[in-house]
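In my numbering, the protein residues as written are 14 to 183.
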Amino acid sequence: METPDTRLTAFGNQLIEVHNWLREELARLGDDVDAHLEGRAERPRQLRAHCLAFCSALTLHHTGEDAGAFPALAERFPELRPVIEQLEHDHLFVADILRDLENLVDGLDDRPPGPEEARRVRVTLDGLAAVLETHFLYEEKKIVAALDGLGSPGDPDFRPPAWLESSKND
């Protein structure tokens with residue numbers, strides 16, 4: 014059973030788990046895109062729903078980092094501020110790619126796409142996958158130890174990050 018102590022001390026590991034889940038979902042989305050582009054998919058509406066769900070999950074993850082985890086890390090570990098600024102910049106870049114992908118997938122209809130349309134969708138998805146993998150690896154390398162270092166309620170000097178405190182009042 015997960016306790017508040019294990020949840021906090023394993024926060025960096027949770028980040029890796031979320032990244033792994035997002036990697037898996039992106040691979041599944043890629044399979045769905047390929048099926049549609051090759052004329053093997055039944056309904057583009059399902060592809061659009063899957064794309065929207067993935068894009069929303071990734072956006073929510075990045076928004077949570079930007080509003081919660083990153084400010085807490087910057088406060089506790091000021092030396093990480095340049096890393097956090099780079100990660101926030103990455104989030105903006107990824108958001109632009111997500112918008113492009115959503116627009117491309119939204120434009121697909123029941124017919125198999127032409128070669129140029131298929132190429133644009135595939136190139137955008139491949140670009141997203143490459144950018145995300147680089148971003149995830151960098152983030153994991155640079156902040157996992159710091160996330161785990163935020164401490165736990167059992168530590169005598171523990172001071173919960175403000176973003177954890179705010180959830181108590183919701």
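Backbone N, C-alpha and C fix where the C-beta goes; we use that ideal spot for every residue, glycine too. Since the structure is predicted, the reported quantities are computational estimates derived from the model, not experimental observations.
R41 and G25 have their C-alpha atoms some 25 Å from each other. The three-state secondary structure of E38, taken from DSSP, is helix. Annotation: the continuous alpha helix (DSSP H) that includes G140 extends over 128-161. For D79, no alpha helix (DSSP H) run applies, since DSSP gives it neither H nor E. The DSSP-derived three-state label of E51 is coil.
Taking the Cα of E30 as reference, the smallest distance to any Cα among D139, V107, E153, L73 is reached at E153.
Distance check between N116 and each of P128, R133, F106 places R133 closest, using alpha-carbon atoms only. Residue environment: P57 is assigned as buried (16 or more neighbouring CB atoms within 10 Å of its CB, all protein chains considered). With a cut-off of 8 Å on Cβ pairs, the segment 102-111 is in contact with the segment 139-155, counting three or more such pairs. For E98, the uninterrupted alpha helix (DSSP H) run begins and ends at 94-119, by DSSP. Closest in alpha carbon position to A108, among A48, F67, R53, D44, is F67. Non-local C-beta neighbours of A131 in its own chain, meaning closer than 7 Å and more than five positions away in sequence, comprise L50, ordered along the chain. When secondary structure is reduced to three states using DSSP, R56 falls in the coil class, being assigned neither helix nor strand. For T137, the CB contacts under 7 Å within the same chain, skipping 5 residues up- and downstream, are I110, D113, L114, L117 in chain order.
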